[in-house]
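In what follows, a structure is listed as structure tokens, so that the remarks can point back to it.
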Amino acid sequence: MSPVGAKEEYRAPSQMLEKERERLAIAKPHTPILVSGENLIGTWVNVNHETRDLVRVMIGLKGNDITVHAFGACHPNPCDWGQIVGRMYAETVATVPGIAFVAPYKFDFAEVTLTGRLFQGALFIETFTHFTDNSGRADYYAMDVLSK
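Using the numbering used here, read the sequence shown as starting at 1 and increasing by one per residue.
Set out below in structure tokens:
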């Protein structure tokens, strides 16, 4: 219990980990913990075959990062968005399996940010589209569920 009038101190998870290392007298690692992408790697296909958003996303490894190659719903063939470097994220500061990613695409007409999160074997991808071509179109959000 803190004294009356004492201000509670907020600590981020990384600060708590640091305090726990000190308490247990564990040496600080010399190299940063790298996030593993093996759970994210592969070809993911939209479970909704009638989607008007992403139809397929291929995720690969490139050093300590991932590559994201997205394909949008176009007719008669999917639109190839190209391959870009994305950033992986773990669930905590002390874990290594990658469970999420961010991939920023830049087109002549729009900036699109893809965020992905693994959940129960599926990849949930959120798409945030900001139009930069003065077309008057509203920026929009979409969510898709993909599976391997």
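Note that the Cβ used here is the ideal one computed from N, Cα and C, for glycine as well.
**Item:** Assumed close pair Leu54, Gly98 - CB separation to whole angstroms, cut-off 8 Å
**Value:** Taking the sequence shown and counting its residues from 1, one reaches residue 54 at position 54. Taking the sequence shown and counting its residues from 1, one reaches residue 98 at position 98. Rounded, the Cβ-Cβ distance is 19 Å, inconsistent with contact.
**Asked** What is the residue span of the beta strand (DSSP E) that Pro76 lies within?
**Response** Within the sequence shown, residue 76 is the residue found at index 76, counting from 1. Element bounds for Pro76: n/a, residue is neither H nor E.
**Asked** If you run the structure through DSSP and keep just helix, strand and coil, what is Leu24?
**Response** Residue mapping note: residue 24 aligns to position 24 of the sequence shown, counting from 1. Here Leu24 sits in helix by DSSP.
**Prompt:** Which residues in the same chain have their Cβ closer than 6 Å to the Cβ of Ser135, if we skip the five residues on either side of it in sequence?
**Reply:** Reading the sequence shown from its first residue, position 135 is the one you call residue 135. So the list is empty, once near-sequence residues are dropped.
**Alpha-carbon spacing of Ile33 relative to Val145, whole angstroms** = The sequence position of residue 33 within the sequence shown is 33, counting from 1. The sequence position of residue 145 within the sequence shown is 145, counting from 1. One C-alpha to the other measures close to 29 Å.
**Asked** Which of helix, strand or coil does DSSP assign to Leu34?
**Response** As a working mapping, residue 34 is identified with position 34 in the sequence shown. Coil, per DSSP.
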